[in-house]
Amino acid sequence: MNLPKQVRLVEVGPRDGLQNEQQPISVADKVRLVDDLSAAGLSYIEVGSFVSPKWVPQMAGSELVFAQIKQRPGVTYAGLTPNLKGFEAALQAGVREVAVFAAASEAFSQKNINCSIDESLQRFVPLMDAAKLHDIRVRGYVSCVLGCPYEGAVAPEQVASVARELFAMGCYEVSLGDTIGTGTAGATRRLIEVVGRDIPRDKLAGHFHDTYGQALANVYASLLEGIAVFDSSVAGLGGCPYAKGATGNIATEDVLYLLNGLGIETGIDMEQLIAAGQRICTVLGKQNGSRVARARLAQASA
Ligand code: HMG
Ligand code: MG
1 MNLPKQVRLV
11 EVGPRDGLQN
21 EQQPISVADK
31 VRLVDDLSAA
41 GLSYIEVGSF
51 VSPKWVPQMA
61 GSELVFAQIK
71 QRPGVTYAGL
81 TPNLKGFEAA
91 LQAGVREVAV
101 FAAASEAFSQ
111 KNINCSIDES
121 LQRFVPLMDA
131 AKLHDIRVRG
141 YVSCVLGCPY
151 EGAVAPEQVA
161 SVARELFAMG
171 CYEVSLGDTI
181 GTGTAGATRR
191 LIEVVGRDIP
201 RDKLAGHFHD
211 TYGQALANVY
221 ASLLEGIAVF
231 DSSVAGLGGC
241 PYAKGATGNI
251 ATEDVLYLLN
261 GLGIETGIDM
271 EQLIAAGQRI
281 CTVLGKQNGS
291 RVARARLAQA
301 SA
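The opening residue of the sequence shown carries number 1 in UniProt numbering; numbering runs sequentially from there.
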């Protein structure tokens, strides 16, 4: 088996995780979550979004979170930006890495960012120019890579075409998002095979939501295809406001357990990670979405 020796986990809990929560979450609790995650050894954390507060109210005030986190050397703290306005707000907040997001399905693009796929890619051009000018790295997401809540099946070739555009305009890495978590291991391998014809596999990442319980299988399928970067969310927090019923990303604890079992290096401390997840679940009054965390916490309290 030719698996990667090291994997980078991109922690998206503070953004993808919290964006879907209806109840107010204080800046202090968001800051504490990010600081707990960096202390646990996560080297990349998506801290928040610079999107319209009318569209995603929970992400309003992300600049305050950026201002108050303890920035550890060697950790990347990223912000999600849909357009130049969002990029400028991120820059103002001192953000040094941003992510843009496009969809592989027209209907989802309209619902999520109110424009067509082509228009969204056009919107990124001035953002990419500004990022280059300020020496800011830009990561790209493609949503709905294994299915769309409005259109159903999505062809791998359509995903490849959007991913290619993002890569060509300067995204250093493209994260393939199974937004609604309907993908299966075989479809994941086929997708990587098709997208990987145009983009080197070390420039691709997997972003699997766990709605159908397939995320861990899809991570493993991706590892077999040579993918070594995965987005995950502590305690399995989250969902997308424009994909009803979609649950959170694969829980960071669960993917870490898989990687530890395979002897793959991540630099993350499981116990600290579980504590970080449990703390935010207590704040939210939610059950922990990580199976590993639930098992360990049950053991500890037995
Ligand atoms: P729009 O309404 O078409 O934008 O929204 P507009 O350009 O017509 O502007 C309308 C108003 O929004 C104006 O204000 C703008 O100034 C303001 P007004 O004059 O009405 O007072 N505006 C902004 N405000 C703050 N920040 C901005 C910004 N831009 C414009 N950046 C827009 C277009 C893209 C802004 C909107 O649709 C939006 O914010 N969408 C965000 C949706 C979102 O965050 N979705 C969740 C993240 S994506 C995701 O979760 C998927 C992912 O995890 C991968 C996966 O799972 O597949 C990444
Ligand atoms: Mg997502």
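Beta carbons: idealized from backbone N, C-alpha and C, even for Gly.
{"query": "Cross-strand partners of Q6 (DSSP beta bridge)", "result": "E265"}
{"query": "Residue closest to V234, alpha-carbon to alpha-carbon, out of A300, K30, P53, F108", "result": "K30"}
{"query": "From T247, G289, I25, residue whose alpha carbon lies closest to that of G177", "result": "T247"}
{"query": "N112 beta carbon near the ligand HMG (any heavy atom closer than 6 Å)", "result": "yes"}
{"query": "Helix, strand or coil at N112 according to DSSP, with G and I counted as helix", "result": "helix"}
{"query": "Bridge partner(s) assigned by DSSP for N249", "result": "H209"}
{"query": "DSSP-derived helix/strand/coil call for S105", "result": "coil"}
{"query": "Distance cut-off 6 Å: G236 Cβ against heavy atoms of the ligand MG", "result": "no"}
{"query": "Spatial distance of M59 from A28 (CA atoms)", "result": "14 Å"}
{"query": "Reduced DSSP category for C281 - H, G, I as helix; E, B as strand; rest coil", "result": "helix"}
{"query": "beta-carbon D210 near the ligand MG non-hydrogen atom, thresh 6 Å", "result": "no"}
{"query": "8 Å contact criterion, which A221 and R189 should meet: CB distance rounded", "result": "5 Å"}
{"query": "For A215, the three-state DSSP class (helix, strand or coil)", "result": "helix"}
{"query": "Cβ-heavy atom distance, F50 to the ligand SAM, below 6 Å", "result": "No copy of the ligand SAM appears in this structure; the ligands present are the ligand HMG and the ligand MG."}
{"query": "Residue range of the unbroken beta strand (DSSP E) whose run includes V174", "result": "173-178"}
{"query": "Complete alpha helix (DSSP H) runs within the segment 22-102 (minimum length 4 residues, chain order)", "result": "27-39, 62-68, 84-92"}
{"query": "Bridge partners - V255, DSSP secondary structure assignment", "result": "Beta-bridge pairing links V255 to no other residue."}
{"query": "Pairwise C-alpha distance: H209 and A163", "result": "19 Å"}
{"query": "Enclosing alpha helix (DSSP H) for D118 [first to last residue]", "result": "117-133"}
{"query": "The segment 80-92 touching the segment 35-55, judged by at least three CB pairs closer than 8 Å", "result": "yes"}
{"query": "Sequence-distant residues of the same chain with beta carbon closer than 6 Å to R8, five excluded per side", "result": "V229"}
{"query": "Proximity test, G177 beta-carbon vs the ligand MG heavy atom, cut-off 6 Å", "result": "yes"}
{"query": "Within 7 Å, strictly: CB atoms of residue 350 and E46", "result": "It is not possible to answer for residue 350, since the shown part of the chain is limited to 1 through 302."}
{"query": "Own chain partners of P4 with C-beta closer than 8 Å, once the 5 adjacent residues on each side are dropped", "result": "L223, G226, I227, A228, I264"}
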